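Peer 1: The structure that follows is given in the form of structure tokens.
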Amino acid sequence: MSKKKSSAKKQSLQYMISSNMAVSMVIIIIMVASLIVMRFSNEMQFEAETRLRQAHNQTNNSIDMFINDTLSISHYIKTILNNRNENQSAINEELILLKNSNKYLSNMALYSLEGEFLIGTAQANQNENVVKSNLFQKAKNSERSSYFEAPFMDISSEAKSTWVMSMASKCNYYFTGIKKQGILFIYMDYSNIRHLFENLNIGNSGYAYIIDENNNFIFHPQQQLIYSGIKSENLQSLNDNVIGSYYDNWNGRERYVIAQTVNNTRWRLVTVAYMDEMRIRLPLILQFMLYIIIAAIFIFIALSYVIANRITKPIHSLQTHMENVKIDNPDFHQLDNIKYAEIESLSDNYNKLVKRIKNLINQIIEEQDQKRLYELNALQAQINPHFLYNTLDSIIWMGEKGKNKQAVEMTSALAKLFRISISRGKKVINVEEEIEHVRNYLVIQSMRFKDKFTYSINVAPEVKGLKTLKLIVQPIVENAIQHGFEEYAVDEGKIEVSCYLEDNNLVYCVKDNGAGMSEERVKNVLDPKAESGGIGVNNVHQRLQIVFGKEYGISIHSEEDEGTTVYIRLPVIYSEEDVNA
Amino acid sequence: MLKNIFKKAFVAICLLIAATSIYLSFNTLIETNSYNPPAKRIALILNSYVGQHGVVVKQGAILAAKENKAELTVFTPYSDLDLEVFQLSRIDEIIAEKFDGVLLMSCGSNRILEAIEKLENNKIEVISLDVPIDGCTGPYVGTNHELSGTMLIESLLNHEQDIKSIVIVEDSMATEASKIIAEYRLKGIYKGLENKKTDIKKIKFTDIDQLRDEINALDDTVAIVSMDSILTENIALLKNNGNKNFNIYGFDSNQMHLNLLYEKLVKQELIRDSLAIGYRATNNLIAKINGTKIDNIDYIKAYMVNVDLLKYNKYATLLYPISVE
Numbered sequence: 000m001s002k003k004k005s006s007a008k009k010q011s012l013q014y015m016i017s018s019n020m021a022v023s024m025v026i027i028i029i030m031v032a033s034l035i036v037m038r039f040s041n042e043m044q045f046e047a048e049t050r051l052r053q054a055h056n057q058t059n060n061s062i063d064m065f066i067n068d069t070l071s072i073s074h075y076i077k078t079i080l081n082n083r084n085e086n087q088s089a090i091n092e093e094l095i096l097l098k099n100s101n102k103y104l105s106n107m108a109l110y111s112l113e114g115e116f117l118i119g120t121a122q123a124n125q126n127e128n129v130v131k132s133n134l135f136q137k138a139k140n141s142e143r144s145s146y147f148e149a150p151f152m153d154i155s156s157e158a159k160s161t162w163v164m165s166m167a168s169k170c171n172y173y174f175t176g177i178k179k180q181g182i183l184f185i186y187m188d189y190s191n192i193r194h195l196f197e198n199l200n201i202g203n204s205g206y207a208y209i210i211d212e213n214n215n216f217i218f219h220p221q222q223q224l225i226y227s228g229i230k231s232e233n234l235q236s237l238n239d240n241v242i243g244s245y246y247d248n249w250n251g252r253e254r255y256v257i258a259q260t261v262n263n264t265r266w267r268l269v270t271v272a273y274m275d276e277m278r279i280r281l282p283l284i285l286q287f288m289l290y291i292i293i294a295a296i297f298i299f300i301a302l303s304y305v306i307a308n309r310i311t312k313p314i315h316s317l318q319t320h321m322e323n324v325k326i327d328n329p330d331f332h333q334l335d336n337i338k339y340a341e342i343e344s345l346s347d348n349y350n351k352l353v354k355r356i357k358n359l360i361n362q363i364i365e366e367q368d369q370k371r372l373y374e375l376n377a378l379q380a381q382i383n384p385h386f387l388y389n390t391l392d393s394i395i396w397m398g399e400k401g402k403n404k405q406a407v408e409m410t411s412a413l414a415k416l417f418r419i420s421i422s423r424g425k426k427v428i429n430v431e432e433e434i435e436h437v438r439n440y441l442v443i444q445s446m447r448f449k450d451k452f453t454y455s456i457n458v459a460p461e462v463k464g465l466k467t468l469k470l471i472v473q474p475i476v477e478n479a480i481q482h483g484f485e486e487y488a489v490d491e492g493k494i495e496v497s498c499y500l501e502d503n504n505l506v507y508c509v510k511d512n513g514a515g516m517s518e519e520r521v522k523n524v525l526d527p528k529a530e531s532g533g534i535g536v537n538n539v540h541q542r543l544q545i546v547f548g549k550e551y552g553i554s555i556h557s558e559e560d561e562g563t564t565v566y567i568r569l570p571v572i573y574s575e576e577d578v579n580a
Numbered sequence: 000m001l002k003n004i005f006k007k008a009f010v011a012i013c014l015l016i017a018a019t020s021i022y023l024s025f026n027t028l029i030e031t032n033s034y035n036p037p038a039k040r041i042a043l044i045l046n047s048y049v050g051q052h053g054v055v056v057k058q059g060a061i062l063a064a065k066e067n068k069a070e071l072t073v074f075t076p077y078s079d080l081d082l083e084v085f086q087l088s089r090i091d092e093i094i095a096e097k098f099d100g101v102l103l104m105s106c107g108s109n110r111i112l113e114a115i116e117k118l119e120n121n122k123i124e125v126i127s128l129d130v131p132i133d134g135c136t137g138p139y140v141g142t143n144h145e146l147s148g149t150m151l152i153e154s155l156l157n158h159e160q161d162i163k164s165i166v167i168v169e170d171s172m173a174t175e176a177s178k179i180i181a182e183y184r185l186k187g188i189y190k191g192l193e194n195k196k197t198d199i200k201k202i203k204f205t206d207i208d209q210l211r212d213e214i215n216a217l218d219d220t221v222a223i224v225s226m227d228s229i230l231t232e233n234i235a236l237l238k239n240n241g242n243k244n245f246n247i248y249g250f251d252s253n254q255m256h257l258n259l260l261y262e263k264l265v266k267q268e269l270i271r272d273s274l275a276i277g278y279r280a281t282n283n284l285i286a287k288i289n290g291t292k293i294d295n296i297d298y299i300k301a302y303m304v305n306v307d308l309l310k311y312n313k314y315a316t317l318l319y320p321i322s323v324e
């Protein structure tokens, strides 16, 4: 019970190997997959950021070119204005030509420092607003070359309003040969700025915008929606970061923002990309990885199971073999077809161990049998003192009564009995000697009990030359006399002793017509553990079985009031060496 | 024996799951390579073939559709004639093409309500755009025209302290949609004039000569309310060329009116936020298609603009959207 319990708690070796392999593999797969996903995700983000940066730089370059073109125009006009030989109408013609040849230009105008319109393609905002404007004042009060201003609506050009951006710079001009200072305004068509952003590809929601130092939008694709209050821009985050790239969260969406100053201006170009769009393929990639991981895990579980099965199969065979091994099992063989050196070695060692145990057990059994045999032989060799006393008493009685002949006969029989009993220490004697020993015993007993029984001895001629274990028939005969006739009054008692060959065995048969035995008593006679068993009969039976094997020994057929027949069966032996072998 | 069968079955199940996973992963890979999120198909049906309002509404719708990854188809009529036929046939087309939703700037026909029901029966979401549809209980995104009328008249009364009478000029040839809007505006105007002792005179514009005659007959203490942008231009022209001194207040300004404002031929104009209408209506429609609850009435603010406010881009862009060139 306890053995069953303890084995139930323990896991099988196959389970241990497969589960450990599977768990290790799963951990490795998950680790590797996590690293791949992380790496892939980072790469994807890096790639998206790079793309965004490229788009940002491209836009910045375009704006840069736009600004530089405007500055070049400004420089060119200043050169014309600075030429003391140019008259006003010639300059005007130059400006009109310049405007017509440059798609960026909307208008150009020169104002005096007092705000008076002097010359230009149109009298752009030729009112007090020009003088009051920040741009005019900035250009007037500073020696910095050029200032740019946020877009506004210019309604001056040929009665057709348009969105323009303006640039103002202080310049020198010669009118009527006198050098003066004025403010040159250049108005650039705003649509050109917008076109710079049109082909920007930053996902569906990504965009770029330009903002000046006062957080006025120079350009924003959703400028009107911002004015309407429908959209808003995260200027706080922009002002915190000023320039560079950063992540922010606006209206619940994570964004990647790049801010950079536009050359020659105080504007900042800001490019915004939404992370969910940058990572739009990531969920599908993760899903793909998940399926691959599941596939890998189950493949490894199956492989682990198969490998563990292959590893443990010979161990299982060995285990099954060991379970079937019994020490007295003569069919124990070594394991065959073992492919693995370790298992083969284990099997060999186990085989050697079992053989050794078997040999040791056999040795112990043999030694015990030998010891028992010595004891039995020693017992057998002893002459019953009562028998000796009674025989001697009978001889004395015969001497006193003058029955000398009978006394001599009994004494002679007793002497022969002792001689054969001793047999110079031999265990094996001739069948004839054994029969002679019985005969002497019967002579003595028949003289003692006079007419109580008769006896006959028949020995088949073919057994006379054979050998036999000594003193095996006399105890049976003694038992027949004692229990068959001595204890019960039987008329015309008869004992027949015969010896013959049967089925290539030597058989002694002792038959009496005494009181007989019950079936239960017959069983007890041969049972060494039974208290009421016959000591002599049992002794003979055990000696025969120890020496010749279980198939030999005594068998008894008895019926109450009818008599008993005892068969003593032993193998045919020709010499003492046969017994020792 | 049973144990062996179990072992083989276990390995077979593991391999089956692995094979299924590999199959699914390949499917995902194909999906990844040809990844295109399913786009909602929406349509915008306009009610005028010209007009800045419609163009800017369309731009707002395009912007929102792009942000929402929706596929927007715009149906613009080729003339102001047969608008009803145009819109009804487009609606049939939309039903046949199984669009997900429609932004409908109604032509004002009575049959439009029936068409909306037809769209709804075909599980196509509809949002009315800036033109209220009588009897329609569905969602509306646009200007609160009645409030616009009140706003304009209140602003007028605020600027014209001594005004004795107000002349409202209506266009007798206006489209049905314009007439519906004008009705709401008038309602708002009358609401704004409640308990005021100002006279109201209405002029139905038929031609410029008739308008000139009627205006010349007015005294100088009037203010004129023009019910649409073309009328405003005509009245401003008459003011510029005539010798009558009156202030003009108009609805629905556009970039052509900038000079009128700068030259002070027009005192004030009420301007709809067309871009916001198109943008918000599209967002609402997509939200509705996606099953999100939206406001049934979503009014977009309108603004009173005068020449002083034009220096602010916020107001300037209403007349002349940056995107409209």
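Listed in order, the protein sequences are those of chains A and B.
Numbered by numbering that gives the first Met the number 0, the letters in the first sequence go through residues 0 to 580 in order.
Numbered by numbering that gives the first Met the number 0, the letters in the second sequence go through residues 0 to 324 in order.
Yeah, the Cβ is synthetic: ideal placement off N, Cα and C, and Gly gets one too.
Please read these numbers as outputs of a predicted model, since none were measured by experiment.
1. Once DSSP output is grouped into helix, strand and coil, what is the label at K511 (chain A)?
2. To the nearest angstrom, how far is the alpha carbon of A158 (chain A) from that of Q254 (chain B)?
3. Are T69 (chain A) and A207 (chain A) close, meaning C-beta to C-beta below 9 angstroms?
4. Given M321 (chain A), which residues of its chain have a CB within under 8 angstroms of its CB, disregarding the five upstream and five downstream residues?
5. Express the C-alpha separation of G191 (chain B) and E145 (chain B) in angstroms, rounding to a whole number.
6. Could you say if the segment 300 to 314 of chain A and the segment 278 to 289 of chain A meet the contact criterion of at least three C-beta pairs nearer than 8 angstroms?
7. Quick check on I300 (chain A) - is its C-beta less than 9 angstroms from some C-beta in chain B?
8. Could you give the first and the last residue of the continuous beta strand (DSSP E) run that contains E268 (chain B)?
9. For the beta strand (DSSP E) containing P150 (chain A), name the first residue and the last one.
10. Would you call H436 (chain A) buried or exposed, if buried means 16 or more other Cβ atoms sit within 10 Å of its Cβ?
11. Please tell me whether R309 (chain A) has its Cβ less than 9 angstroms away from any Cβ of chain B.
12. Taking the C-alpha atoms as reference points, what is the distance between I567 (chain A) and E343 (chain A)?
13. Who are the near neighbours of L87 (chain B) in its chain, counting only those whose CB is closer than 7 angstroms to its CB and skipping five residues on each side?
14. Indicate whether at least one CB of chain B lies closer than 9 angstroms to the CB of A295 (chain A).
15. Whether or not the segment 19 to 30 of chain B and the segment 286 to 306 of chain B are in contact is what I'm after, with contact meaning three or more pairs of Cβ atoms, one per stretch, closer than 8 angstroms; do they touch?
16. Where does L234 (chain A) land, buried or exposed, given buried means 16+ other C-beta within 10 angstroms?
17. Less than 9 angstroms between the beta carbons of A272 (chain A) and I201 (chain A), yes or no?
18. Taking any Cβ of chain B, which residues in the segment 265 to 287 of chain A have a Cβ under 7 angstroms from it, in chain order?
19. Using a Cβ-Cβ cut-off of 9 angstroms, state whether K325 (chain B) counts as contacting chain A.
20. Would you say G228 (chain A) faces chain C, with C-beta separation under 9 angstroms as the test?
21. Run through DSSP, which three-state label would N308 (chain A) get?
22. Under 9 angstroms, Cβ to Cβ, is there at least one residue of chain A near A315 (chain B)?
23. Classify D63 (chain A) as helix, strand or coil using the three-state DSSP reduction.
24. What is the rounded straight-line gap between the Cα of S88 (chain A) and the Cα of Y172 (chain A)?
25. Give, in chain order, every residue of the segment 244 to 275 of chain B whose Cβ lies closer than 7 angstroms to some Cβ of chain A.
26. Only counting the same chain, and skipping five residues up and downstream in sequence, which positions put a Cβ closer than 6 angstroms to that of T467 (chain A)?
27. Helix, strand or coil for I321 (chain B) per DSSP?
28. Taking the straight line between their C-alpha atoms, what separation do you get for R265 (chain A) and S145 (chain A)?
29. Measuring alpha carbon to alpha carbon, tell me which of A:L268, A:F184, A:G251 and A:H219 ends up nearest K241 (chain A).
30. Using the beta-carbon count (16 or more within 10 Å), is P37 (chain B) buried or exposed?
31. Since L104 (chain A) meets chain B, which of its residues come closer than 9 angstroms, beta carbon to beta carbon?
32. When the Cβ atoms of the segment 215 to 224 of chain A are set against those of the segment 97 to 113 of chain A, are three or more pairs found closer than 8 angstroms?
33. Is the CB of K65 (chain B) under 9 angstroms away from at least one CB in chain A?
34. So L94 (chain A) packs on T78 (chain A), CB below 8 angstroms; how close in whole Å?
35. What's the gap between the Cα of V25 (chain A) and the Cα of N248 (chain A)?
36. Please state the DSSP three-state secondary structure of N215 (chain B).
Peer 2: In short, the structure shows the following:
1. Per the sequence presented here, residue 511 (chain A) reads as Asp, with Lys not at that position. D511 (chain A) falls in the strand class under three-state DSSP.
2. The pLDDT assigned to A158 (chain A) is 49, lower than 50, so where the model puts this residue is not dependable; a value taken from the coordinates is nonetheless given after this. Taking the straight line from one Cα to the other gives about 11 angstroms.
3. no
4. Y349
5. 10 angstroms
6. no
7. yes
8. Q267 to R271
9. Y146 to D153
10. buried
11. no
12. 50 angstroms
13. R110 and A114
14. yes
15. no
16. exposed
17. yes
18. R280, L283, I284, Q286 and F287
19. The shown model of chain B, from 0 to 324, leaves out residue 325 (chain B), and the question about it has no answer.
20. Among the chains of the structure shown, chain C does not appear; the protein chains present are A and B.
21. helix
22. yes
23. helix
24. 14 angstroms
25. Q254, L257, N258, Y261, D272, L274 and A275
26. V430 and E433
27. coil
28. 11 angstroms
29. The question names Lys, but residue 241 (chain A) in the sequence shown is Val. Ranking A:L268, A:F184, A:G251 and A:H219 by Cα distance to V241 (chain A) puts A:L268 first.
30. exposed
31. Residues of chain B passing the Cβ test: none, with the nearest at roughly 16 angstroms.
32. no
33. yes
34. With a Cβ gap of about 12 angstroms, L94 (chain A) and T78 (chain A) do not count as contacting.
35. 37 angstroms
36. helix
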